[in-house]
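Working notes, beginning with the structure itself.
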Amino acid sequence: MQNFNTLIQVVEALGILAFAFSGFIEARQKDMDLVGVFTVAFITAFGGGTLRDLLLDRRPLFWVEHQEYTLLIFILALVITPFMRHLRSAFSEKLLVTADAFGLGLFSVLGASLAVHAGMPPFVCVMMGVITGIFGGVLRDIICNEIPMVFRRGQLYATCSFLGCWVYLLLEWLSVTETLSLSTGILITVATRMAAVRFDLKLPG
Amino acid sequence: MQNFNTLIQVVEALGILAFAFSGFIEARQKDMDLVGVFTVAFITAFGGGTLRDLLLDRRPLFWVEHQEYTLLIFILALVITPFMRHLRSAFSEKLLVTADAFGLGLFSVLGASLAVHAGMPPFVCVMMGVITGIFGGVLRDIICNEIPMVFRRGQLYATCSFLGCWVYLLLEWLSVTETLSLSTGILITVATRMAAVRFDLKLPG
Amino acid sequence: MQNFNTLIQVVEALGILAFAFSGFIEARQKDMDLVGVFTVAFITAFGGGTLRDLLLDRRPLFWVEHQEYTLLIFILALVITPFMRHLRSAFSEKLLVTADAFGLGLFSVLGASLAVHAGMPPFVCVMMGVITGIFGGVLRDIICNEIPMVFRRGQLYATCSFLGCWVYLLLEWLSVTETLSLSTGILITVATRMAAVRFDLKLPG
Chain A
238 MQNFNTLIQV
248 VEALGILAFA
258 FSGFIEARQK
268 DMDLVGVFTV
278 AFITAFGGGT
288 LRDLLLDRRP
298 LFWVEHQEYT
308 LLIFILALVI
318 TPFMRHLRSA
328 FSEKLLVTAD
338 AFGLGLFSVL
348 GASLAVHAGM
358 PPFVCVMMGV
368 ITGIFGGVLR
378 DIICNEIPMV
388 FRRGQLYATC
398 SFLGCWVYLL
408 LEWLSVTETL
418 SLSTGILITV
428 ATRMAAVRFD
438 LKLPG
Chain B
238 MQNFNTLIQV
248 VEALGILAFA
258 FSGFIEARQK
268 DMDLVGVFTV
278 AFITAFGGGT
288 LRDLLLDRRP
298 LFWVEHQEYT
308 LLIFILALVI
318 TPFMRHLRSA
328 FSEKLLVTAD
338 AFGLGLFSVL
348 GASLAVHAGM
358 PPFVCVMMGV
368 ITGIFGGVLR
378 DIICNEIPMV
388 FRRGQLYATC
398 SFLGCWVYLL
408 LEWLSVTETL
418 SLSTGILITV
428 ATRMAAVRFD
438 LKLPG
Chain C
238 MQNFNTLIQV
248 VEALGILAFA
258 FSGFIEARQK
268 DMDLVGVFTV
278 AFITAFGGGT
288 LRDLLLDRRP
298 LFWVEHQEYT
308 LLIFILALVI
318 TPFMRHLRSA
328 FSEKLLVTAD
338 AFGLGLFSVL
348 GASLAVHAGM
358 PPFVCVMMGV
368 ITGIFGGVLR
378 DIICNEIPMV
388 FRRGQLYATC
398 SFLGCWVYLL
408 LEWLSVTETL
418 SLSTGILITV
428 ATRMAAVRFD
438 LKLPG
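Next up, the structure:
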C-alpha cells in the first residue's frame, strides 16, 4: 500500500504537469502574457478537481492542501514562458499525449473514488470522475474562447474516462482491494485513450 | 397538497426535458459528438439549480438526489443523437417553447422559494429564483461559445422569471398557502413568457 | 479603527460602482438588453468575491449580506441604460481607471486578508486575493465572449494585485497593525496600477 501511494503521487504529479503544459501551450497560442499563462495552466491542472470538491462540498481544496503544486506551476510559468517555442519541439507530441492520458486516468478514477466514499449513487460517482478528469480542459478552452475540445467530434477522450470509472466501480462492487480497483480503472482509461489516438477512434456525431 | 406535489413533479420533469432538449439542439448545431451533446444537455437542465445550491450551500444537489434524471438525459442523448434532424421537425416549435416556459416558471419560483426558506432577504430571493431559471441556458451558451441568449436583445425571458418570483414573494408575504403562491408565481412567469413570444415583447436596449 | 472601517466602506462602494460600470459599458457594446446589462454589471462587481467565498466555503455571500448593493446596481442599470452614450463621456476615462484601481486594490487585499484569517498557507492567500480582485472582470469577459482582458498582453493589472497581496502578507508576518498592513497593501496595488497605466508598463509575453 505504501508503494502504491507513492506510485499514485508520482502519476499525479505527472498528470498535473501534463495538464498544466497543455494550458501553457493554449495560452501562448492566444498570445497571453505571464499572468494569463500561469492562470490558464493553473485552471487546467486544478479546475476539474476544484469543481468536483465544490460539488461534493469537500474542503480543503487540493491546491490549498498542496500549495507546493501551485508554486511549481507559477515557477514553471516564469521559467518556461520565454522559451515556449523551443520547449514545444523539445518535448515530443507522444510524450505529452501519454502524460495527459495518465493524468486523465488518474484524476477521473480518483474523483470517482472520492464520490464513492462520500456515499454517492453509482451514476453520480461516474459523473464526478468524468468531471474531475475533463473539466480542467473545458475551463481552459472556455477562457481561451474556444468550444471545449472534449465536446468537439474528435478522438475519444471523455469516453475513456467514463469507461475507466465504470470499471473501477464494478471492481469496487466486487469488493476487490482498493489498490486493484483503482489501478485497473486508471489503466483502462489510459489504454483506451492511447488506442483512440493510435487508431483515430471517434464517437458518431 | 399530495396532488399538488405530484403536479409539481410532472411539471419539473417536463421542464427538465425541455431544457435538455434545447441543449441537444444547440450542441448538434455546433457539431459536437455524443459526449458533448450529453454534457451540454445535462448542464442546461441542471446548471441553474446547481449554481443556486452552491450559492445557498445546499446539499445534496438536485441531480445527485435524483440520479434517475441524469440517467434519463444520458439515455436520451444516446437514442436521440442519430435522429436529431428528424426529431426537430417532429416536435413543433410551439410545444418546445411551451415546455421551456413551464420549466422557466417552475425552476424560477421553486428557486425563490428555497431562498425564502433559507431566510434570505427579498431581493436576494428573487435573484436566486432568476439564477435557477436562466443559468442553465447561460452556461449552455457559454460552452457553445455564444453570447448568452437571455442577455441579447430578444423576447422577454429573464424578465418573466423576475416578475413571477416577485408575485410569489408578495403572496408569501400576504401569508396565503404555499400551494397558491407557488402556482400563481409559476403561472405569471409562463403567461408573460408566452405573451412575449406571441406578441414579440422586448425590453428597451 | 472606526474611521478606518468607514474609509474601507467608502472605498468598497467606489470599487463596486467602478466594477459595475465597466460591466455596463461592455454589456452595452455587445448590444445587450436591460437584463443583460444588469447581470453583467452584477457579475463584474461580485463575481470575484463570490468565487472566493465558494472556494473558502464562506457564507453568507457578500451580496446576500448587503442586498442594498445588489439593489443599487439594479436601479443604476434601469436609470443608466437609456443614457449610456452620454454618461460615458460625462465620466472621464481617468476617473474610471482610478476608481477601478481602488476597487482592485481593496478587493484583492481584503480577499487575501480573509484567507489569512481562514488559516490558508501564504501562496494560497495571495491567490485568493488575486482571484477576488480580478475574477469579476474575467467572468464579465467570458459572458461577453471575449478572451479575458487581464490575461491578454496589456498594462499590468493582475500583477499589481499580486504585489499588493504579498506586501500585505509580509506586513502581517511582521505583526504590524491590521489597519497599516491593509492600507499599505491596497496603496501598493493602486500605485503600481496607476503607474502601469501612466507609463504603459507590460509583462513580457
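Chains as they are written, first to last, in our numbering: chain A, 238 to 442; chain B, 238 to 442; chain C, 238 to 442.
Even glycine gets a Cβ: it sits at the ideal position worked out from N, Cα and C.
Excluding the 5 residues flanking it on each side, A/ALA395 has same chain C-beta neighbours closer than 7 Å at VAL367, ILE371, VAL387, in chain order. Nearest Cα to C/LEU343 within the set C/PHE258, C/GLY260, C/TYR405, C/ARG295: C/TYR405.
Residue contact with chain C for A/LYS267: present (Cβ-Cβ distance below 8 Å to some residue of chain C). Between the C-alpha atoms of A/LEU440 and B/MET321 there is a straight-line separation of about 15 Å. Between B/GLN392 and chain A, the shortest Cβ-Cβ separation is not below 8 Å.
Between the region 415-432 of chain C and the region 376-386 of chain C there are fewer than three C-beta pairs closer than 8 Å, too few to call the two in contact. Against chain B, the beta carbon of A/ILE384 has neighbours under 7 Å at LYS267, CYS381, ASN382, listed in chain order.
At least 8 Å separates the CB of B/ASP437 from every CB of chain C. The three-state reading of DSSP puts B/ARG389 in strand, counting E and B together. When 7 Å is used as the limit between beta carbons, A/THR396 is near these residues of chain B: VAL272, in chain order. For C/HIS303, the number of other beta carbons within 10 angstroms of its own is at least 16, and it is reported as buried. For B/LYS267, there is no enclosing alpha helix (DSSP H), as DSSP gives it neither H nor E. Distance from the CA of C/ALA282 to the CA of A/GLU263, rounded to the nearest whole angstrom, comes to 28 Å.
Comparing C-alpha distances from B/THR276 to each of A/LEU313, A/PHE399, A/LEU254 shows the shortest one belongs to A/PHE399. Contact annotation: in the region 297-313 of chain C, residues whose CB is within less than 7 Å of a CB in chain B are LEU298, VAL301, GLN304, THR307, LEU308. Note: A/LYS439 is bridge-paired with A/GLN392 in the DSSP secondary-structure output. In this structure, DSSP gives A/LEU411 a state outside helix and strand, which the three-state scheme calls coil.
Among the residues facing chain C, B/ASP337 is not included, as its CB has no counterpart in that chain under 8 Å away. In the structure shown, C/ASP378 falls within a helical segment according to DSSP collapsed to helix, strand and coil. Counting the other CB atoms within 10 Å of its CB gives C/VAL316 a total below 16, which places it among the exposed residues.
In this chain, the alpha helix (DSSP H) harbouring B/ARG289 covers 271-293. At a beta-carbon threshold of 8 Å, none of the residues of chain B lie near C/THR414; the nearest stands roughly 33 Å away.
Here B/ILE423 carries a helix assignment [DSSP, helix/strand/coil]. In the structure shown, B/HIS303 adopts coil according to DSSP, grouped into three states.
Under the 8 Å criterion on CB atoms, B/ARG389 is classed as interfacial with respect to chain C. A distance below 7 Å between beta-carbons, with the five flanking residues on each side excluded, links C/PHE311 to the following residues of its chain, in chain order: PHE275. For A/SER259, the number of other beta carbons within 10 angstroms of its own is at least 16, and it is reported as buried. By the 16-neighbour rule on beta-carbons within 10 angstroms, A/THR243 is exposed. The C-alpha of B/ARG435 is placed about 43 Å away from the C-alpha of C/LEU292. Among the residues facing chain C, A/THR369 is not included, as its CB has no counterpart in that chain under 8 Å away.
Contact of C/ASP290 with chain A is not assigned, every C-beta pair being separated by 8 Å or more. Residue state for B/GLY252 is assigned as helix, using DSSP reduced to three classes. For B/THR335, the enclosing alpha helix (DSSP H) covers residues 330-354. One thing to note: C/ASP268 has its Cβ within 8 Å of the Cβ of B/ARG390. When secondary structure is reduced to three states using DSSP, B/ARG296 falls in the coil class, being assigned neither helix nor strand.
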